[in-house]
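Under the numbering used here, think of the first position of the first sequence as -4, with each following residue one higher.
Report on one structure; see the data block that follows.
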Amino acid sequence: MTYDHRAIEAKWQDRWERSRVAEMDLDRPGDAFYMLMMFPYPSGDRLHVGHGRNYILGDALYRHLRMKGRRALNPMGWDAFGLPAENAAIQRGVHPRDWTMNNISVMKVQFRRWGILYDWSKEIASCLPDYYRWNQWLFLRLLERGLAYRRKAPVNWCPSCRTVLANEQVVEGHCERCATAVEQKELEQWFYRITEYAERLLRDLDGLVGWPEKVKVMQRNWIGRSEGAEIDFRLPGLDGTGAETLTVFTTRPDTVHGATFMVLAPEHPLAVRLIAEHPERAEIASWIERVRNAPRIQREGESTPKEGRDTGQVAINPATGEAIPVWLANYVLPEYGRGAIMAVPAHDARDLDFARQEGLPVRLVYHDDGSPEASGELAQPILHTGVIRGVDPRFDGMVDGPETVRAFIDWLEAEGFGRAKVSYRLRDWLISRQRYWGTPIPVVYCAACGTVPVPDEALPVELPYEVELTGREGNPLARSAAFVETECPRCGEPARRETDTMDTFVDSSWYYLRFLSARDGQRMFDPERAARWCPVDQYIGGIEHAILHLLYARFICKVLQDFGLVPFSEPFTNLFNQGMITHYAEGSGRVEKMSKSRGNTVSPDRLIEEMGADTERVYTLFLGPPEEEVEWSDEAVAGAYRFLNRLWRASESLESAPATAPSDAELERRRHETIKRVTEDLDRFKFNTAVAALMELLNALSRALDDKTASRRQCEATLDTLLQLLHPIAPHLTEELWERRGHLGTLLESSWPEWDDARLTRDRVTLVVQVDGKLRDRLEIDAGAPEKQVREAALASAAVQRHLAGTEVARAIHVPDRLINFVTRR
RNA sequence: GCGAAAGUGGCGGAACCGGUAUACGCGCUAGACUUAGGAUCUAGUCCCGAGUGAUCGGGUUGGGGGUUCGAGUCCCCCCUUUCGCACCA
C-alpha cells in the first residue's frame, strides 16, 4: 500500500496558491531579508532534478525560517533578456518576448509542482519596461559621474553570438555561452568603470566573513592587484629630441639594471611610429595585424610560441644609461600594465625564453651566493633570491626583498625616472552588446550636439516589438528606422539612437533591490525599505557566478552607496554555494554534471507522477552534503519514497498503541534528541544528516508501534514532532497528516519544536572498556557512575580479565559515561 | 607550474571537542505474503581466520612515519582526484 501522493500534493499546492501564504507586507518591521539566487533565465528547457536542487534547498530553508517565526521574504524574478530568446526567434519565428513570457509561465508551473512557495506579488521580469527603465536610469547616473563611458578599444568578439563580450564572459579564450573561440576586434563600446572600484572591491572581501573562502580567492585573483612601479625609458629615435618616453609597469623595479631590451605588445600605440622607418615595415605591420586578430586562446595559451619583431629602435635604460633594443612580441599583452615591459631575462623566465630565442643579451643583477659569475649562459633565471652585485656601487650588497624594492622606488622617484604604482588585472566592464533582446542604452547621437543622454523624463527608451529578426550580420535594432530615427533631446534636430543594448549582467546587478519596490513607477527602489531589509541575509547560488554576477552586484552596490541610495557597501551578507548534481552520461560513459547538452538529465515529471514531489525533495536533500557535488541514482530514490510511506503507515496505526507502556521515556528522549539534531543540522544546511535523523526517529516509532512498547500519547507526540521537523523537506505529506491528526492551522504557520536538554540525558549508558586502547567489552551502567564503580565493573568482565591475565595495570583512563582504558605495564 | 579542497564498505555517504569507525539510505542474501511483481514486510550484510553454535582472535578510514593511554580526526613526507588561476611583467 502506498499513499495517494497525487491527490495530496495537488490539494496543498492549490491551497498554498489560493491563500498566497508567502506574501509579505514589506512595511511591517522585519528581521530578515532572506533570498536565494532566484533570478533564473527562462530558457525554455524543461527544468530537471539538477535544477531542482537549488529551488528545493531554498524552499526548505524558507519554510524552516517561517516555522521558526522569522519574517522571511522569498521573492522570484526573471532574468529575461538574453541571447537564447533571440536565437529561438530566428530559428522558430517566435518573437523573443512571446517566447520568454511563455517560458516563464511554464517554469512557474514547474515550481508549483515542486511545492515551492514564492511571494509572487513581487514578481519582476527584466525584459519589461518597468524594470529595464531603471537600468537606463542607473546608466545615466553613471554617465553623469564619468563612471560610464564610450571608447574605441580592442574587445572580445564572439563570431557565433555576433556580439562583443565582457572579459568575465571569456573562459579560457572561449565564449562562456557558446564555447566559440573569441576573436579580437577594435570597436567603439560602452564601459562601466569598475576599475575605479578595484581597491574597494578587493579590500571589502576581507569583511565578508559569511562568504566561502573559495569565492573570495577567485575574486581576489580576478582583481589581481600588483604593487610595483612605472619606469620611463627614453626613446631617442622617435622624434629626435629624445624627450619621448616609453613607460612600463614592473613589480620588480629592483631589477632595472638587468633590463637588456624592451618589449611592447604589438597593439601598443607607439608600435606604428617605432617601425615607421623600418625597411621591412610592411611585413611587420601585417604580422601585427595577424597577432591582433588571432583568437585569444592562441595568444594566451601556455604552449603558444613567443613571436616577435625587432623595431630597430633603442630605448635608454635609466639605470645604466645603456641603449637597449626595442622589440614587439606577442607574449606582452596590451591590456595589462602599460602594454609594454622592460625585459629582464636574468630574472624572468619568459624574458629569458625570448632572449635565448632571439639571441638577446642577459645580465644578472642578483647573484646566488657562492655561484660563479654569470656568463650569459644562464640555465634558469634567478628568481627572488640572492644579493645585488656589480651593477652599481650604490646598490651593491642589497638583498632580495621588499625593502630593496622600496629603496629602488624611492631612488626612481628621486631621479624622476619613475614612480610607485599599483596595477590591477581587472578591466573595465564592457556593457555594450550588438543584439536586439536587451536594455537599450539611453543615448542619442546628434550631428550638432554629439553624444546626448536621453533625459530622465523620456525614459524608458522602449525596445520596439516590431523588428526584423533574420540572423543576418549586424544588430536588428540598427535596421529599425522607427527606433533609430529620433530627435536630439538638446536641439530638436534629427538624430540617431544608440542601438547597442546592455549586457544582461546589468539587469542582475541590482535586482534584489527591485523586489522591494516591484510596482514602483516613480523610482528604482525605495531607499527606506532597502535600508530596512537589506543587505540580503542569505544568498544561495552556484559557484559559476563567483566572479561574474557577484562581482558586478558588489560593484553596483558600492556605486549606489556612493549615490546615497543604500546605506551598505556589500549586497549579500552570507553566501552559500550549493554543489551540482551529477549523473551518468551515455555519450561520454562518465558521471558528469547534469545538463541538457550532455543528455544526462533526469526529468522530475515522471518522478513526481510516480512517487511524488515530496519524494524528490527528500531524496534530493538526502543525497549528500549540499555544498558538494552529488551523484543522482535512479534506484536510490525509492528509499525516500519508502520512508514517506512508512510515515504514512505509522500515522495510520497510531490507534493500535496501548494506553500505557514501558518505553515512553526512551522514545521521549529520542524525540528531543532528534529535535536538537535536526535543528542544528538545518542551521548548518546539513539536510542530508537531518533526513537521516528523521529516518531514525521514524524507525524507533515504527518499532514502538509494532511491539506496542510505547503509549498512544507518546506515539502521537513523536509523530507530531516528526511532522514538524520534516515539513520543510516534505511539505505536502506532512501538512496532510498534520491536518488528519486534527490540528488547527497549518504546519507552515505553526512553530518549530524545541528540545529540553534535561530530556536528553540517559539513565543508563553504554560504557566502552579498552585494554591498551583496544575495545574489549561494553558495560551497561548507570549514567554518572564514579570511576571506582566503573573500574570494578570493568575488571569483573570476563573478556577484560582474559586480556589482563599475566599483566599488570599501570593506570586507567576514565572518561565519564564514555570509556575506561586500562594501560598495562610491559 | 601556482593555489585550494578532498581521498572512509559493493555504492551514495555519517562520525560536534582526539574517545564504540562504517549512522542513514541504496544494493545484495535469506525468509514471509502474493497468480505474479522491478510492490510490501521481517532478518542479515566492513574484511580475513577459527568454531555446529551463541561466540572468539586479528585487520581496516589513499600509502609511509610521528605525537598520544587512545588518531578517520592533530603533525611531517609521499601518492591520487577534483576545482580555480596560469606568458598579468
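Glycine included, C-beta positions come from ideal geometry on N, C-alpha and C.
Cut-off 7 Å between Cβ atoms - residues of its own chain near residue i, not counting five sequence neighbours on either side
i	result
residue 520	508, 509, 511 and 512
residue 288	178 and 179
residue 126	119, 120 and 509
residue 67	27, 29, 57, 60 and 61
residue 172	78 and 156
residue 478	459, 472 and 492
Contacts around residue i, its chain only, beta-carbon distance under 6 Å, and the 5 residues preceding and following it disregarded
i	result
residue 102	37
residue 676	684 and 685
residue 659	705, 706 and 709
residue 280	none
residue 666	713 and 716
residue 31	53 and 535
residue 55	723 and 724
residue 371	Because residue 371 sits at a pLDDT of 47, beneath the cut-off of 50, its placement in the model cannot be relied upon, and the following sentence gives the value as read from the coordinates. 357, listed in sequence order.
Burial state of residue i (16 or more Cβ within 10 Å)
i	result
residue 810	exposed
residue 517	exposed
residue 153	buried
residue 756	exposed
residue 79	buried
residue 824	Coverage of the chain is limited to positions -4 through 821, which leaves residue 824 absent and any answer about it impossible.
residue 769	exposed
residue 184	buried
residue 35	buried
residue 112	buried
residue 82	buried
residue 532	buried
residue 361	buried
residue 832	Since the first residue shown for the chain is -4 and the last is 821, residue 832 is missing from the structure and cannot be characterised.
residue 672	buried
Beta-bridge pairing of residue i - partner residues as DSSP gives them
i	result
residue 62	Looking at the DSSP assignment, residue 62 forms no beta bridge with any residue, so it has no partner.
residue 775	761
residue 382	362 and 394
residue 180	150
residue 572	536
residue 185	145
residue 587	578
residue 305	322
residue 438	448
Beta-carbon proximity of residue i to residue j, cut-off 8 Å
i	j	result
residue 720	residue 742	no
residue 822	residue 51	The question about residue 822 has no answer here: the residues shown for the chain are numbered -4 through 821.
residue 325	residue 276	no
residue 424	residue 161	yes
residue 407	residue 310	no
residue 595	residue 581	yes
residue 602	residue 625	no
residue 639	residue 609	yes
residue 589	residue 43	yes
Spatial neighbours of residue i in its chain, beta-carbon cut-off 8 Å, leaving aside the 5 residues before and after
i	result
residue 561	508, 522, 525, 526, 529, 552 and 555
residue 159	150, 151, 152, 153, 180, 182, 184, 425, 427, 428 and 429
residue 391	383, 384 and 385
residue 49	31, 32, 535, 536, 537 and 573
residue 412	226, 227, 313 and 314
residue 750	667, 668, 670, 671 and 674
The region 190 to 201 touching the region 544 to 557, judged by at least three CB pairs closer than 8 Å: As far as the Cβ criterion goes, the region 190 to 201 touches the region 544 to 557, which means the pair count is three or higher.
Inter-stretch contact (C-beta, 8 Å, three-pair minimum) for the region 498 to 505 and the region 426 to 440: Three or more beta-carbon pairs drawn from the region 498 to 505 and the region 426 to 440 are found closer than 8 Å, and the two stretches are therefore classed as touching.
Segment contact, 8 Å Cβ cut-off, at least three pairs: the region 251 to 263 with the region 325 to 344: Segment contact: the region 251 to 263 against the region 325 to 344, three or more CB-CB distances shorter than 8 Å; contact assigned.
Check whether the region 66 to 83 touches the region 438 to 455, taking contact to mean three or more Cβ pairs, one atom from each stretch, closer than 8 Å. These segments do not touch.
Closer than 8 Å is the cut-off here; do at least three beta carbon pairs connect the region 685 to 703 with the region 644 to 661? Touching, yes.
Assess, as a yes-or-no matter, whether the region 627 to 647 is touched by the region 7 to 27 under the definition of 3 or more beta carbon pairs within less than 8 Å. These segments do not touch.
Determine contact between the region 475 to 492 and the region 536 to 547, defined as no fewer than three beta-carbon pairs at a distance below 8 Å. With the cut-off at 8 Å, the region 475 to 492 and the region 536 to 547 do not touch.
Using 8 Å as the Cβ pair cut-off and three pairs as the minimum, do the region 128 to 142 and the region 245 to 256 touch? Taking 8 Å as the limit for Cβ pairs, the verdict is that the region 245 to 256 does not touch the region 128 to 142.
Determine contact between the region 461 to 469 and the region 404 to 423, defined as no fewer than three beta-carbon pairs at a distance below 8 Å. Cβ pair count under 8 Å is below three, so no.
Pairs of beta-carbons, one from the region 445 to 455 and one from the region 130 to 145, closer than 8 Å: are there three or more? Because the criterion of three Cβ pairs below 8 Å is met, the region 445 to 455 and the region 130 to 145 touch.
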